[in-house]
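Asks: Quick note on numbering: the sequence shown equals residues 47 to 272 in this note's numbering. For glycine and all other residues, C-beta sits at the position ideal for the given N, C-alpha and C. Note that this is a predicted model, so its numbers are computed, not measured.
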Amino acid sequence: MPQADIWEKEYRNPKLITNSDEPQLDFKHFIKWLRKNQHVSLDGLRVLDLGSGTGKNSLFLAERGSDVVGIELSKTAVRMAKERAEERDLDAHFQTGDIGTTIPYEDASFDLILDVVSSNSLDEAERRVYVKEMRRLLKPGGHVFIKALCKDGDKHAVNLIEKFPGKEKDTYVMPSVGIMERVFSREDITDLYRDFEILNLERKNSYTNFEGKSYKRQFWLAYLQK
Numbered sequence: 047m048p049q050a051d052i053w054e055k056e057y058r059n060p061k062l063i064t065n066s067d068e069p070q071l072d073f074k075h076f077i078k079w080l081r082k083n084q085h086v087s088l089d090g091l092r093v094l095d096l097g098s099g100t101g102k103n104s105l106f107l108a109e110r111g112s113d114v115v116g117i118e119l120s121k122t123a124v125r126m127a128k129e130r131a132e133e134r135d136l137d138a139h140f141q142t143g144d145i146g147t148t149i150p151y152e153d154a155s156f157d158l159i160l161d162v163v164s165s166n167s168l169d170e171a172e173r174r175v176y177v178k179e180m181r182r183l184l185k186p187g188g189h190v191f192i193k194a195l196c197k198d199g200d201k202h203a204v205n206l207i208e209k210f211p212g213k214e215k216d217t218y219v220m221p222s223v224g225i226m227e228r229v230f231s232r233e234d235i236t237d238l239y240r241d242f243e244i245l246n247l248e249r250k251n252s253y254t255n256f257e258g259k260s261y262k263r264q265f266w267l268a269y270l271q272k
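1. So E118 and G90 are in contact, right, with Cβ under 8 Å, and what is the actual spacing, rounded?
2. Can you name the start and end residues of the alpha helix (DSSP H) that V204 belongs to?
3. Please name the residue or residues paired with I159 in a DSSP beta bridge.
4. Look up K185 in the DSSP assignment and say whether it is helix, strand or coil.
5. Looking at the structure shown, is R263 part of a helix, part of a strand, or coil, going by DSSP?
6. Where do the ends of the beta strand (DSSP E) carrying I117 lie?
7. What's the C-alpha gap between T64 and T254?
8. Taking Cβ to Cβ, would you say E54 is nearer than 8 Å to K128?
9. Would you say I244 and W266 are within 8 Å of each other, going by their C-beta atoms?
10. Are the region 214-226 and the region 180-191 in contact at 8 Å, needing three or more beta carbon pairs?
11. Below 8 Å on the Cβ atoms is my guess for D198 versus R249; work out the distance and round it to an integer in Å.
12. Pick from R58, F76 and R228: whose alpha carbon is nearest that of E214?
13. Is N83 near D95, with beta carbons less than 8 Å apart?
14. Please report the straight-line C-alpha distance between L206 and L71, rounded to a whole angstrom.
15. Apply the 10 Å Cβ neighbour rule to N166 and answer buried if 16 or more other Cβ atoms are within range, or exposed otherwise.
16. To which residues of the same chain is S164 closer than 6 Å at the C-beta, ignoring the five residues directly before and after it?
17. Could you give the residue range of the alpha helix (DSSP H) that holds W57?
18. With H, G and I counted as helix, E and B as strand and the rest as coil, what does DSSP make of A154?
19. Hey, out of E109, L238, G187 and G99, whose CA is closest to H85's CA?
20. With M180 and I159 assumed to form a contact (beta carbons below 8 Å), what rounded beta-carbon distance in angstroms separates them?
21. Tell me the residue span of the beta strand (DSSP E) that contains V219.
22. Kindly give me the distance between the Cβ atoms of G99 and A123, rounded to whole angstroms, as I take these residues to be in contact under 8 Å.
23. Give the C-beta separation of V93 and D161 to the nearest angstrom, bearing in mind that I take them to be a contact with Cβ-Cβ under 8 Å.
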């Protein structure tokens, strides 16, 4: 992945990410929904966290009995995730890897797959592999949680595309950090995940801090099932 060095630099000297150990609130809401509406037990659940960062979402599930694998591009982030797991005496596995390539696990290995604002940095060729791999790795009836950047109604995204355009559709390159991101329309999201059943798709706004400023951003929250 061309962005590997950029993400490693970001985790060593954060400008965009927070390195917080608090799980994403939208992710926690999804887990509550999964337990209540889908009657899924977290105990023994086999989970794949794509772009696991420093492990905050993975460790939340590991604390509740899930068997978690986190794959992350940055070696620094993987090291931090392992340290946090060891500090909490949790059995969670974190490894350096690229979520835009073939993932070295057998078919139907996981009950749940997470992508919390990670695949936005893939290019189109990598994204096709990523979706194919998710489909292959997920067990029949398994679930996927997606949080992705939304283009619809996001003035900041439109401004970034105009001022700092990337090479592909609806992409931009974050100034001063060099991270490439893709934003998605509703049609983009439904087409990208057309091989899954979309159980819930909603748009939500929240605020992102960057270089001392707060920006209102739009996100897609998608609950999928194979």
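Replies: A quick look at the data gives this:
1. That pair is no contact at about 23 Å.
2. K201 to K209
3. L94 and V190
4. strand
5. strand
6. D113 to E118
7. 10 Å
8. no
9. no
10. no
11. 6 Å
12. R228
13. no
14. 26 Å
15. buried
16. L96 and G97
17. One point to set straight first is that residue 57 is Tyr, not Trp, in the sequence displayed. It spans A50 to R58 - the alpha helix (DSSP H) in which Y57 sits, taken as one unbroken run.
18. coil
19. G187
20. 5 Å
21. T217 to V219
22. 5 Å
23. Between D161 and V93 the Cβ distance is about 12 Å, and since that is not below 8 Å, they are no contact.
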